[in-house]
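The sequence shown begins at 4 in my numbering and counts up by one.
Yeah, the Cβ is synthetic: ideal placement off N, Cα and C, and Gly gets one too.
Input: a single structure, listed below in structure tokens.
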Amino acid sequence: MEENQIQARLRHVAGIILIAVLLLLAVGIGVAAFLVNSMVEVTNSQMRAETEEYKSRLNKQISSDFQILTTMSSFLEFSDVEQADNFAQILDESSLRNDFVTMAYFPVDNTGIVAIQGDPVRTSVQVTDMQPEVQDVVYRTWNGETVLSYLFESELIREKIFVYGIPVEKNGQVVGSLIASDQLEIFSDILSGDTVLGGNGHIHMINTEGRFLIRSQNAIVQEDIETIFEGPYFSDEEAERVQAALAAQETIYTSFRYKGHSYQALLQPVGINNWYMLCVNSMQESSGIYRIVMVIAVTFVGALLLMVILLAYGYRLTRHSNQELHAMAFQDPLTGGDNLRSFMLRLTETMPQSGDVNVVALNVHQFKFINEIFGRERADRLLCHIHQQLSGHLLPEEFCCRDNADRFFAVLRGTDAGQVAERLNQIVEEICRTALVNHSSDYRVMMYCGMLSAAECAAAPQDINGAMTRALFALERAKNANLSTVWIYDAELHKKEEIDNYVQSHMHQALQDREFCMYLQPKIDLRTGRLGGAEALVRWLPGNGRMLYPDQFIPLFEANGFSVSLDLYMVDCACRQLRAWMDQGIEPVPLSVNQSKLLFFEADYIPKLQQIIQQYNIPAHWITLEILEGLALENAEELNARIEQLRKIGFHISMDDFGSGYSSLNTLSRLHIDELKLDRGFLMEVVNQGNIRSRIIMEQVVQMAKRLGICVVVEGVETRENEELIRTLGCDFGQGYYYSKPIDTDAFTARFWGADQGKQAEK
4 MEENQIQARL
14 RHVAGIILIA
24 VLLLLAVGIG
34 VAAFLVNSMV
44 EVTNSQMRAE
54 TEEYKSRLNK
64 QISSDFQILT
74 TMSSFLEFSD
84 VEQADNFAQI
94 LDESSLRNDF
104 VTMAYFPVDN
114 TGIVAIQGDP
124 VRTSVQVTDM
134 QPEVQDVVYR
144 TWNGETVLSY
154 LFESELIREK
164 IFVYGIPVEK
174 NGQVVGSLIA
184 SDQLEIFSDI
194 LSGDTVLGGN
204 GHIHMINTEG
214 RFLIRSQNAI
224 VQEDIETIFE
234 GPYFSDEEAE
244 RVQAALAAQE
254 TIYTSFRYKG
264 HSYQALLQPV
274 GINNWYMLCV
284 NSMQESSGIY
294 RIVMVIAVTF
304 VGALLLMVIL
314 LAYGYRLTRH
324 SNQELHAMAF
334 QDPLTGGDNL
344 RSFMLRLTET
354 MPQSGDVNVV
364 ALNVHQFKFI
374 NEIFGRERAD
384 RLLCHIHQQL
394 SGHLLPEEFC
404 CRDNADRFFA
414 VLRGTDAGQV
424 AERLNQIVEE
434 ICRTALVNHS
444 SDYRVMMYCG
454 MLSAAECAAA
464 PQDINGAMTR
474 ALFALERAKN
484 ANLSTVWIYD
494 AELHKKEEID
504 NYVQSHMHQA
514 LQDREFCMYL
524 QPKIDLRTGR
534 LGGAEALVRW
544 LPGNGRMLYP
554 DQFIPLFEAN
564 GFSVSLDLYM
574 VDCACRQLRA
584 WMDQGIEPVP
594 LSVNQSKLLF
604 FEADYIPKLQ
614 QIIQQYNIPA
624 HWITLEILEG
634 LALENAEELN
644 ARIEQLRKIG
654 FHISMDDFGS
664 GYSSLNTLSR
674 LHIDELKLDR
684 GFLMEVVNQG
694 NIRSRIIMEQ
704 VVQMAKRLGI
714 CVVVEGVETR
724 ENEELIRTLG
734 CDFGQGYYYS
744 KPIDTDAFTA
754 RFWGADQGKQ
764 AEK
């Protein structure tokens, strides 16, 4: 009986142990599954971010290359440069400057020109001599299409390239095809695989049929296969699912087994030519978790208690590690909320799908002084308070993050920019009202915000980085305000800021490279109708072929002092042109050059002018120095002394823009000038408004100038009636579009002297 009881107890204990083991195994399996899923989710997120980065780089390069071709196509459309003898050289230089492999121009139904990197330019090339892929691009652009070819191997460089094609039109008709081929910088990373997922992954590029376009050298599957549906990648069932996703241009996560190991993969559409990126995590899926499960299983056999401890420890350790990794990757350590990486991922998912996303950037006024005055601890508490208040005012589908220091980002929903800005103002006011840095109200925290409206976001829903940049631009504009304020992004203002930045950063090199060109606008003698002089006007022609006009850079030059160098440069250009005319046997005409206030009172101004005219051996009387009337308002005596010095040398002095705002008849009597230029606004007021009083004043100014021996030039002459009026009033010279717009020196010479050098052409 006792033996039976012992056996029963043993069986009972064994049953309990068996049940406990099964329960623990079930728990272990559940924990392992959870860990595997967690690792899969993290890996999927990393692969998604990695492929998005490569997509962005690919699209940026292709957009940049198309922009270059479009610019050159526009240039060809409005010029006959393709007929020039040096067009082949121009094409070759353009190809080299933009680092294209090849660049070519094929007129419709005619032979073309092909510039090949590192080889001589080929002319009289038949389209049929090109590779079939290139021929297809040419024929399609002749039909008016803008084309990006598929990837193919070039017979010239033995590497895979794309071909871009842009139709060239004139008068609404396609007259030719401008094409260029290029490699993609992204391929070097794809092929090497050194940077994908921190070196633990690789990326292939495929088409919708699953055919490899680019294969990474670090691929796990080494068999020589043409598509992902061959070999060991997918089971039949999984292959059907992947094929359906590819056909629908959908993103799909999948996995496959190879040589006993599991690997995760992401197929992400590129958005170009139906291409896909196949990103593969090259680490065995959750291999560390499998080892833990095996240790737990073996430990179960040896010691149940130890197995339980190890299982619990392994689970807690792994979970804690995942939490730490997730926090490091997506959490701001100070506020506990999202960091910028997490914010960008959420914005990437949200902005393309919604038309009511407004991206907001926020900063604290003078935060560095809060840090300095009150200490870092209180400054950090302020940042936590801002994040807490900002998060508390967000709607369920809105989110925010702290980027670094005192900069925050948020997404607010709404299609009316004014209403969203008003709501943002209320949020900021609440944050500032409740923010106490030193436990009192004697320090008022102020914030400023930049906002990119939903309309701007919807215009480019895939350009996440651009949206962030534009929000930061608006933030920078808001920074200049002294109160808490919201500044909504202005595309036109941003464009102007970009031009201003280009001007500031390139002006010195541009002067050195002689990118500033002299244009001439004629002055016509009203008594004879013949050319009596010209005004030298500056135009900036950068290397990119895009002309900058004076109103885009002169105000900046006057503010930063660069006008001093530019004005002397223009005097040099005028003297060089005068010398060229004289060397050609042409009797020159006086050239007027504008001189800024900063330059006119430079101590070495007059010696520099003398050095220039001596260098070119030009009589000083051929140069008229134009000054603004505002100089006389500050110190007429000093100005007159400087004018007398210049006149003794032989220079003529002209007062420009008389009547534009500061004019007084007393100015004429105070300054010893040779020429008076009436502002076009003076003339327009008399002509367009029929202002009799203005006509009387203008007539008296002209007569007074005559009595003082001052020559009168009128700007803004646009019609024959304008000319008749100023001739009736007794003016000496007319200048304006009626005679000619400002033109370059070659065109000016050809127009007024032509082949018969030395004789002036009548108007």
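- Of all C-beta pairs linking the stretch 152-163 to the stretch 62-78, fewer than three are shorter than 8 angstroms, placing the two stretches out of contact.
- DSSP places residue 536 in the strand class (E or B) of the three-state scheme.
- For residue 179, the three-state secondary structure derived from DSSP is strand.
- Excluding sequence positions up to five before and after residue 410, its CB lies within less than 6 angstroms of the CB of 366, all in the same chain and listed in chain order.
- Assignment of residue 279 by DSSP, reduced to helix, strand and coil, places it in the strand class.
- A direct Cα-Cα distance of roughly 20 angstroms separates residue 623 from residue 568.
- Using a Cβ distance threshold of 8 angstroms, residue 539 and residue 510 do not count as a contacting pair.
- Two segments are said to touch when three or more pairs of C-beta atoms, one from each, lie closer than 8 angstroms; by this definition the stretch 93-111 does not touch the stretch 212-223.
- Here residue 126 is exposed. Its C-beta has fewer than 16 other C-beta atoms within 10 Å.
- For residue 53, the closest C-alpha among the options 448, 639, 239 and 344 is that of 344.
- Cβ-Cβ distances below 6 angstroms link residue 117 to 107, 125 and 128 in the same chain, with the five nearest sequence neighbours on each side left out; the list follows chain order.
- By the neighbour-count definition (other C-beta atoms within 10 Å, threshold 16), residue 264 is an exposed residue.
- Relative to residue 270, the option among 225, 467 and 211 whose CA is nearest is 211.
- Where residue 390 is concerned, the enclosing alpha helix (DSSP H) starts and stops at 379-395.
- For the set 696, 560, 465 and 373, the Cα lying nearest the Cα of residue 438 is the one of 373.
- Closest in C-alpha terms to residue 518, from the list 158, 576 and 119, comes 576.
- Going by beta carbons, residue 454 and residue 474 fall inside the 8 angstroms limit.
- The beta-bridge partner set that DSSP reports for residue 511 is empty.
- The beta carbon of residue 729 sits closer than 8 angstroms to the beta carbons of 529, 686, 717, 720 and 737 from its chain, once the five residues preceding and following it are set aside; these are given in chain order.
- Looking at the DSSP output, residue 738 sits in a beta bridge with 718.
- Between the stretch 671-681 and the stretch 704-717 there are three or more inter-stretch CB-CB distances shorter than 8 angstroms, so the stretches are counted as touching.
- For residue 277, the closest alpha carbon among the candidates 253, 258 and 267 is that of 253.
- A direct Cα-to-Cα measurement between residue 55 and residue 377 gives close to 42 angstroms.
- A contact between stretches requires three or more CB pairs, one per stretch, nearer than 8 angstroms, and the stretch 403-417 meets this requirement with the stretch 330-343.
- A residue is called buried once 16 or more other Cβ atoms fall within 10 Å of its Cβ, and residue 144 is buried on that count.
- Where residue 648 is concerned, the enclosing alpha helix (DSSP H) starts and stops at 639-652.
- Residue 626 is classed as buried because its beta carbon has at least 16 other beta carbons within 10 Å across all chains shown.
- Exclusion of the five residues before and after residue 702 leaves 732 as the residues of its chain whose Cβ lies within less than 6 angstroms of its Cβ.
- For residue 543, the pairing in a beta bridge is given by DSSP as 519 and 551.
- Close CB contacts of residue 479 within its chain, under the 8 angstroms cut and outside five residues either way in sequence, are with 453 (chain order).
- In the DSSP assignment, residue 266 falls within the unbroken beta strand (DSSP E) covering 264-272.
- Using a C-beta cut-off of 8 angstroms, the stretch 609-621 makes no contact with the stretch 538-554, since fewer than three inter-stretch Cβ pairs fall below that distance.
- Rounded to the nearest angstrom, the gap between the Cα atoms of residue 644 and residue 741 is 37 angstroms.
- If you ignore the 5 residues before and after residue 525, its C-beta comes within less than 6 angstroms of the C-beta of 534, 537, 742 and 743, all in its own chain and listed in chain order.
- Bounds of the alpha helix (DSSP H) holding residue 684 are 683-691.
- Per DSSP, residue 628 is one residue of the beta strand (DSSP E) stretching across 626-631.
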